[in-house]
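Below is one structure; the comments refer to it alone.
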Amino acid sequence: MLRFLSLFGQYFILLKKVFSKPEKGSIYYKQTMREMVYLGLNSVGIISVISFFMGSAITLQTAYNTENPIYPTYLIGLGCRDSIILEFSSTISALILAGKVGSNIASEIGTMRITEQIDALEMMGVNSASYIILPKLIATLVFNPLLTLLSITVGIIGGGMAGTLTGVITLQDFIYGIQYAFIPYYITYSIIKTLFFAFIITSVSAFQGYYVNGGSLEVGRASTKAVVFSSVLILLFNVILTQLLLS
Amino acid sequence: MIRVNNIDKSFSGKKVLDDISVTFETGKTNLIIGRSGSGKTVLLKSIVGLHDIDNGEIWYEDVLFNKLDFKERKEIRKQMGMLFQGSALFDSMTTEQNVRFPLDMFTNKSMEEKTETVNFCLKRVDIINANKLFPAELSGGMKKRVAIARAIALNPKYLFCDEPNSGLDPITAILIDELIKEITEEYSMTTIVNTHDMNSVMEIGEKIVFINEGVKCWEGTKNEILKSDCEILNDFVFANSLAKQLRSS
């Protein structure tokens, strides 16, 4: 318990350092742009592929579970849309990104720590936590909602294609279903969740990397911890945010 | 001048530095020597403020450095340059970007002026045609040189070197030592070098401090070190068979 409280305190001390005034705005801007490419743009491929197949699977499973002729077939489109918007595009994408981006952040910062690059920054009088972590945080907070929107779009396209190609639903019915009883707030809900998840992935992974002590073995352990802790926190906050935002 | 008064430092209850007092003089290459694990790096990192000391004082000229907060230390840190054991070059930056980094961060110079300073520093450490190379593409000796170039980019008053020639062949090690000595004299800096290499001691040591198990055991010059009656120091200085033979002859 004491160790948990100590870690918790250390995490907030790090966040305080991260959110202190940047030394030079122009350098932070360049860093943020660089991180958007590394952490955001480079994740477009994996998010698109996963979302496409996720949408396809959801459509086929919904169709399998609504074979009863009482249910109109357009409900398959509706089910696919709501599942993707409410849960899959934000939560599953966040779990995927926790693995990809989280391990990347923890290992990058951990390596900087063990090779004394962080000491070199501190030595020069640069706030290393802010210089290294803040651009990553801004980049993921800006880019991850765009990835979620991309995931929703590609997921629905995937669902439509799987549904029509397998013959479980016509394209007209699917399009009618995804438009039927649409609640725009679901998109807002999904984006809010994504913002929380982006913050968790980046800050928890950066925390794990920043306090690495030792060698390459510890960097590996920090990466693993970053993914595990981020994933657990994402699932925990998924429940909390769902209760808060949808109840 | 840097003055250290009665400093102590412990990690998890284990005392690593015990009541160390020493003055490092301006324009001289001051050496901290000792066996691996004797506390040299902790002492150096405490002097530059990377470790907070438990007791004692660290003075930079007439400023009590260890009582300053992060913001107040910044002004003095701009006057420091440090060469780390593993060079600590930023992996994601090219040679040129590494050397330019302190200039980008702390000056308002134009890009032309910065490029001119970068090229001057790189030329000073004999790095030619490597501006666009990344640290992974440089040899160990080149990395040390680039790190020295980065350390002197802001024309510092204080230069700190942690094991500058570890992992280098003897000839490159001597070249790096000579470069540190030349730069110290040229810029009239206060330089502190951590080393366990006796070649460095005899090559560049003007003032030498010997640390053993966190305690200062001896201080003097390179001429005095060979005639010392400090038993532990003699074990360190005459550790290899060649030195033992020379001593007995």
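Chains as they are written, first to last, in the working numbering: chain A, -17 to 229; chain X, 940 to 1188. For each residue, glycine too, the CB sits at the ideal point set by N, CA and C. All of these numbers come straight from a predicted model, not from anything done at the bench.
Name the residue from the options whose alpha carbon lies nearest to the alpha carbon of residue i.
i, options, result
"Glu17/A", "Ile67/A, Met(-17)/A and Asn86/A", "Asn86/A"
"Ala121/A", "Asp155/A, Val83/A and Thr146/A", "Val83/A"
"Leu1003/X", "Glu1152/X, Ile941/X and Asp1136/X", "Ile941/X"
"Met1021/X", "Ile1066/X, Val1085/X and Ser1031/X", "Val1085/X"
"Ala39/A", "Leu(-16)/A, Met15/A and Ser65/A", "Ser65/A"
"Ser1127/X", "Thr1134/X, Asn1104/X, Tyr1097/X and Ile1147/X", "Tyr1097/X"
"Phe1060/X", "Thr980/X, Ala1090/X, Gly973/X and Ser1139/X", "Reading the sequence as shown, one finds Cys at residue 1060/X and not Phe. Among Thr980/X, Ala1090/X, Gly973/X and Ser1139/X, the Cα nearest to that of Cys1060/X belongs to Ala1090/X."
"Asn1037/X", "Pro1074/X, Asp1065/X, Asn1005/X and Glu1158/X", "Pro1074/X"
"Met1032/X", "Gly142/A, Ile165/A, Gln13/A and Ser185/A", "Gln13/A"
"Thr73/A", "Pro127/A, Thr146/A and Ile115/A", "Pro127/A"
"Lys1013/X", "Leu217/A, Lys175/A, Gly197/A and Glu104/A", "Glu104/A"
"Ala111/A", "Ser229/A, Leu177/A, Lys3/A and Asn220/A", "Lys3/A"
"Ser8/A", "Met1044/X, Phe1023/X, Ile1067/X and Arg1039/X", "Met1044/X"
"Ile160/A", "Leu177/A, Gly141/A and Gly149/A", "Gly141/A"
"Phe35/A", "Leu57/A, Phe1/A, Gly145/A and Val0/A", "Gly145/A"
"Val194/A", "Glu49/A, Tyr158/A and Ile91/A", "Ile91/A"
"Cys1169/X", "Ile1150/X, Met1137/X, Asp1030/X and Lys1006/X", "Ile1150/X"
"Gly22/A", "Ser133/A, Thr44/A, Gly196/A and Arg95/A", "Ser133/A"
"Thr152/A", "Gly137/A, Ala208/A and Leu42/A", "Leu42/A"
"Gln1018/X", "Asn1094/X, Gly973/X and Asp1001/X", "Asn1094/X"
"Thr176/A", "Tyr192/A, Ser198/A, Ala88/A and Asn220/A", "Asn220/A"
Less than 8 Å between CB atoms is the rule here; does residue i satisfy it with respect to chain A?
i, result
"Gly1025/X", "yes"
"Arg1039/X", "no"
"Val987/X", "yes"
"Lys967/X", "no"
"Met1215/X", "Chain X is shown from 940 up to 1188; residue 1215/X falls before or after that span and cannot be answered."
"Arg1016/X", "yes"
"Lys1013/X", "yes"
"Phe963/X", "no"
"Met1044/X", "yes"
"Phe1029/X", "yes"
What does the alpha-carbon distance come out to for the pair residue i and residue j?
i, j, result
"Gly(-9)/A", "Phe189/A", "12 Å"
"Leu226/A", "Glu1076/X", "52 Å"
"Phe179/A", "Ser1026/X", "36 Å"
"Glu964/X", "Pro1041/X", "25 Å"
"Ile67/A", "Leu223/A", "14 Å"
"Ile1196/X", "Gly978/X", "Look at the range of chain X in this structure, 940 to 1188, and you will see that residue 1196/X is not part of it."
"Lys1071/X", "Glu1055/X", "15 Å"
"Phe1009/X", "Ile165/A", "50 Å"
"Ala1088/X", "Val1057/X", "8 Å"
"Pro117/A", "Lys1048/X", "24 Å"
"Thr184/A", "Asn1068/X", "38 Å"
"His1135/X", "Gly1159/X", "16 Å"
"Ile1110/X", "Thr1130/X", "22 Å"
"Gly1153/X", "Ile1147/X", "15 Å"
"Asn969/X", "Lys1120/X", "10 Å"
"Asp1116/X", "Asn944/X", "28 Å"
"Val209/A", "Lys(-1)/A", "23 Å"
"Asn1179/X", "Ser187/A", "47 Å"
"Thr206/A", "Gly81/A", "9 Å"
Is it buried or exposed, residue i, if we count other Cβ atoms within 10 angstroms and call 16 or more buried?
i, result
"Lys967/X", "buried"
"Met106/A", "buried"
"Arg(-15)/A", "exposed"
"Met15/A", "exposed"
"Tyr46/A", "exposed"
"Leu956/X", "buried"
"Ser(-12)/A", "exposed"
"Gln154/A", "exposed"
"Glu1163/X", "exposed"
"Met1050/X", "exposed"
Using DSSP's beta-bridge definition, name the partner residues of residue i.
i, result
"Arg942/X", "Thr962/X and Trp998/X"
"Asn1151/X", "Val1154/X"
"Cys1100/X", "Leu1022/X and Val1132/X"
"Ser949/X", "Lys954/X"
"Leu1190/X", "The question about residue 1190/X has no answer here: the residues shown for chain X are numbered 940 through 1188."
"Gly1159/X", "Ile1147/X"
"Leu1003/X", "Trp998/X"
Between residue i and chain X, is there a C-beta pair that is closer than 8 Å?
i, result
"Ala230/A", "What is shown of chain A runs -17 to 229, which leaves residue 230/A out entirely."
"Thr97/A", "yes"
"Ile66/A", "no"
"Lys207/A", "no"
"Gly107/A", "yes"
"Lys6/A", "yes"
"Ala121/A", "no"
"Ile91/A", "no"
"Ile9/A", "yes"
"Glu104/A", "yes"
"Asp155/A", "no"
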